[in-house]
Amino acid sequence: MASNSNSSISIPIIPIPPPYGELPFISKAEEVLSKTEVFCLMFDRLMKYILRVWSDYERLKVRLDLVCSTLEVVNTTLTKNDDTI
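Residue numbers (numbering that gives the first Met the number 0): 0 to 84.
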């Protein structure tokens with residue numbers, strides 16, 4: 000029992016039992032957590048794919064840069080040959 004310090008009247012504290020069965024917000028929270036976990040796994044998988052594509056792009060870009068520089072050299076050489084003819 001809790002007592003009031005200003006008077007001698009004590010107020011009984013009566014615990015209120017929870018409703019029978021599961022509380023509605025618990026099942027909703029479980030549903031949200033489950034969906035969040037699924038979305039996190041999907042996001043993780045998508046990030047893995049994006050990183051793989053980016054890695055492939057970087058390797059391809061290096062090769063394309065090499066091809067472009069080679070083509071520039073060939074173009075310069077051909078232009079010089081055309082100028083001398």
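Think of the CB as a built atom: it goes at the ideal place given N, C-alpha and C, for glycine as much as any other residue.
Distance, Leu50 Cα to Thr87 Cα: Here the chain covers residues 0 to 84 and nothing more, so residue 87 does not appear.
C-alpha gap between Ile25 and Ser54, whole angstroms: 43 angstroms
Pro11: first and last residue of the uninterrupted alpha helix (DSSP H) it sits in: Careful: Pro11 lies outside any alpha helix (DSSP H) and carries neither H nor E.
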